[in-house]
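Participant:
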Amino acid sequence: MSYDWTWSVVPRALPALLKGLQLTLLITVAVVALGFLLAIFVAAGRLARSPFINKPVAAYIEFFRGTPALVQLVWVYYCLPIVLGLELPSVASIVLALTLNVAAFYAESIRAGIQAVPRDQSESADILGLSYVDKMRFVILPQAFRIIIPVVLSQSISLFKDTALVSTLGVADLMYQARVVATETYRPMEILTFAAMIYFVLAFPCTIATRLLELRLARARH
Amino acid sequence: MISARRLQKRFGTLEVLRDVSLEVQAGEVVVIIGPSGSGKSTLLRCLIGLETPESGEVHIDGRLFFQRDGRERGPLRRTAEFRRIQRTMGMVFQQFSLFPHLTVLRNVMLAPIRALSVSEAVARARADALLAKVGLADKALAYPEKLSGGQKQRVAIARALALEPKIMLFDEVTSALDPELIHEVLSVMRGLANDGMTMVVVTHEMGFAHKVADRVVFMDAGAIVEEGPPGTIFGGARETRTRSFIEKVLTHI
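Just so you know, the sequences run in chain order A and B.
The letter at position 42 of the first sequence is residue 41 when you use numbering that gives the first Met the number 0, and the numbering goes up by one with no holes.
The letter at position 222 of the second sequence is residue 221 when you use numbering that gives the first Met the number 0, and the numbering goes up by one with no holes.
1. When the cut-off is 7 Å and only beta carbons count, does Ser123(A) lie next to chain B?
2. Suppose you measure from the CA of Ser243(B) to the CA of Ser40(B); what does that come to, to the nearest Å?
3. Indicate whether at least one CB of chain B lies closer than 7 Å to the CB of Trp6(A).
4. Relative to the C-alpha of Ser147(B), which residue among Phe169(B), Met205(B), Gln94(B) is closest?
5. Run through DSSP, which three-state label would Ser153(A) get?
6. Which ranges would you report for the beta strand (DSSP E) in the segment 101-182 of chain B if only whole runs of at least 3 residues count?
7. Buried or exposed: which applies to Ser96(B), given that a residue is buried once 16 or more other Cβ atoms fall within 10 Å of its Cβ?
8. For chain B, find out if any of its Cβ atoms is closer than 7 Å to the Cβ of Gln114(A); answer yes or no.
9. Which same chain residues, not among the five before or five after Glu183(B), have their C-beta less than 6 Å away from its C-beta?
10. Mind checking which residues open and close the beta strand (DSSP E) that includes Leu13(B)?
11. How long is the line joining the alpha carbons of Val201(B) and Leu109(B), rounded to whole angstroms?
12. Could you have a look at Leu17(A) and say whether DSSP puts it in helix, strand or coil?
13. Which bits of chain A does His58(B) rub up against, with CB to CB less than 9 Å?
14. Who are Val28(A)'s beta bridge partners in DSSP?
15. Taking the straight line between their C-alpha atoms, what separation do you get for Val78(A) and Glu86(A)?
16. Taking Cβ to Cβ, would you say Val103(B) is nearer than 7 Å to Lys138(B)?
17. Rounding to the nearest angstrom, what Cα-Cα distance links Gly190(B) and Val133(B) in this structure?
18. Below 7 Å between beta carbons is the criterion; list the residues of the segment 92-115 of chain B that meet it against any residue of chain A, in chain order.
19. So, helix, strand or coil for Glu238(B), using DSSP?
20. Considering only residues of the same chain and omitting the five flanking positions on each side of Phe207(B), which have a CB-CB separation below 6 Å?
21. Val216(B) to Ala32(A), Cα distance in whole Å?
22. In angstroms, rounded to a whole number, what distance separates the CA positions of Leu135(B) and Leu176(B)?
23. Across which residues does DSSP place Phe65(B) in a beta bridge pair?
24. Quick one: which chain A residues come within Cβ less than 8 Å of Ile47(B)?
25. Hey, Val173(A) and Thr23(A): beta-carbon distance below 7 Å or not?
26. Scan the segment 70-145 of chain A and note each continuous alpha helix (DSSP H) run of 4 residues or more that stays entirely inside, going in chain order.
27. Among Val19(B), Ala25(B), Arg83(B), Leu75(B), whose alpha-carbon lies nearest the alpha-carbon of Gly55(B)?
28. Quick check: what's the CA-CA separation for Arg136(A) versus Pro164(B)?
29. Met257(B) CB to nearest chain A CB: under 7 Å?
30. Taking the alpha carbon of Val187(B) as the point to measure from, which residue in Gly221(B), Gly235(B), Ala131(B) has its own alpha carbon closest?
31. Short of 8 Å Cβ to Cβ, which residues in the segment 140-164 of chain A face chain B?
32. For Arg72(B) and Ala124(B), I'd like the C-alpha separation in whole angstroms.
33. Closer than 7 Å, CB to CB, is Val132(A) near chain B or not?
34. What are the boundary residues of the beta strand (DSSP E) that includes Ile1(B)?
35. List the whole-angstrom C-beta distance separating Val8(A) from Arg178(A), where the pair is believed to meet the contact cut-off of C-beta under 8 Å.
Below, the structure written as structure tokens:
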């Protein structure tokens with residue numbers, strides 16, 4: 000009852016898989032960059048005093064954290080074009096959906112990081128006459144980012160793996176290509192295992208690096 | 000220099016300040032003593048605008064800083080005028096509150112550069128002079144984590160002085176220090192007092208109060224019980240509460 004692995008299919012499948020990996024990485028990088036940028040504003044909105052700002056922002060965050068990413072992807076992909084009456088290219092729509100998703104998570108991390116900076120730091124900045132912007136720029140954010148960076152990195156690694164969800168929408172990422180090649184070669188065991196290894200080989204060193212960075216930052220703090 | 004009248008402050012149902020008034024003349028050193036929870040720190044925090052009293056008024060250096068009786072007057076928080084008045088005071092906390100991600104030098108230079116728009120070179124020269132004054136010229140490039148508690152506190156004093164305040168407020172600045180480090184901070188404070196700085200000092204250091212204060216204020220349960228020259232307060236206080244507090248503090252050894 001042992002399976003007869005035929006790894007020789009892998010070299011033939013490699014070009015297609017690498018092409019898929021390229022798109023996976025492209026999506027990841029785009030979503031991380033756009034998501035983080037958006038998250039800075041979302042976090043600022045979440046911390047705003049006015050309930051007209053912080054309540055809707057909180058609702059956005061909770062909605063995207065409280066629904067499955069796959070549902071969000073499908074909704075943006077199929078429903079949004081109908082609601083808005085405009086057709087988005089498929090990569091654009093999945094980047095939009097994933098950005099909205101990941102920004103909600105990043106924003107909560109940023110908010111938590113800002114709030115983790117001790118209150119006396121903010122008070123000291125106040126009585127030293129710093130403006131709100133200067134206080135954020137020179138005192139609060141530099142300390143908050145040290146707290147946030149490891150969390151944001153590990154959320155980004157999760158995102159890299161979660162991009163496999165887009166394969167269900169016919170976007171030709173690594174997972175999609177693996178499924179196509181698996182069907183073509185009748186070797187799903189080898190191809191899917193190999194695809195998993197590609198994800199792992201890329202994600203694992205990043206996880207290790209994040210952990211090391213986290214230790215270094217923890218030591219750098221007092 | 001400081002005129003605080005009829006300050007009332009409560010946290011929830013707890014009355015922290017009941018009708019507290021305090022006048023401080025230019026160049027005067029006022030030491031506030033009293034048991035924990037008597038409202039000493041809250042008073043300082045109200046004077047510098049970190050807390051907002053429910054009622055009362057505060058004038059700093061002849062300018063209205065805060066006033067409230069029913070409605071609020073005086074410069075509102077976050078306005079330029081509020082910050083300008085706030086900047087005439089420096090404050091040092093029990094927990095040092097240095098910026099851990101900046102060097103000692105940068106801690107001292109940040110506020111003059113950003114808040115007073117002083118040039119980098121001028122701020123640098125001023126910071127060097129202040130660090131020399133508190134005896135830490137050789138620590139300019141160190142990060143706060145490398146310093147002892149006494150050194151941190153002296154940097155905090157230098158940082159506050161960098162804005163050239165007219166008034167310095169000290170909130171139990173030696174309470175978190177190891178006993179052998181206390182005197183290095185107190186001697187810096189004593190130097191400031193000798194230079195004529197207006198100071199309000201909340202402390203449990205009765206020796207400092209006795210030797211350096213022009214006036215000692217005893218607070219208990221959110222009110223000023225008694226005030227007077229150190230000789231009177233320590234020698235023959237009028238109120239029994241004052242006498243029993245001083246007795247307890249002085250005989251705990």
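By construction, the Cβ of each residue, glycine as well, lies at the ideal position given by its N, Cα and C atoms.
Facilitator: A quick look at the data gives this:
1. yes
2. 21 Å
3. no
4. Of the candidates Phe169(B), Met205(B), Gln94(B), the one whose C-alpha sits nearest the C-alpha of Ser147(B) is Gln94(B).
5. helix
6. 166-170
7. buried
8. no
9. Gly149
10. 13-23
11. 26 Å
12. Here Leu17(A) sits in helix by DSSP.
13. Correct list: empty, because the minimum Cβ distance to chain A is about 18 Å.
14. Beta-bridge pairing links Val28(A) to no other residue.
15. What sits at residue 78(A) in the sequence shown is Cys, not Val. Going by the C-alpha atoms only, they are around 10 Å apart.
16. yes
17. 9 Å
18. Phe92, Gln94, Ser96, Phe98, Pro99, His100, Leu109, Ala110, Arg113, Ala114
19. coil
20. Leu185
21. 58 Å
22. Approximately 17 Å between the Cα atoms of the pair.
23. Val57(B)
24. Per Cβ cutoff of 8 Å: Ile126.
25. Note on residue identity: the sequence assigns Leu, not Val, to residue 173(A). It is a contact, given that the beta carbons lie within the stated cut-off.
26. 79-83, 89-115, 118-126
27. Val19(B)
28. Looking at the two C-alpha atoms, the distance is approximately 24 Å.
29. Within the shown structure, residues of chain B are numbered from 0 to 252, placing residue 257(B) beyond reach of any answer.
30. Ala131(B)
31. Pro141, Gln142, Arg145
32. 39 Å
33. no
34. First-last of the beta strand (DSSP E) with Ile1(B): 1-10.
35. Contact flag wrong, Cβ pair sits at about 14 Å.
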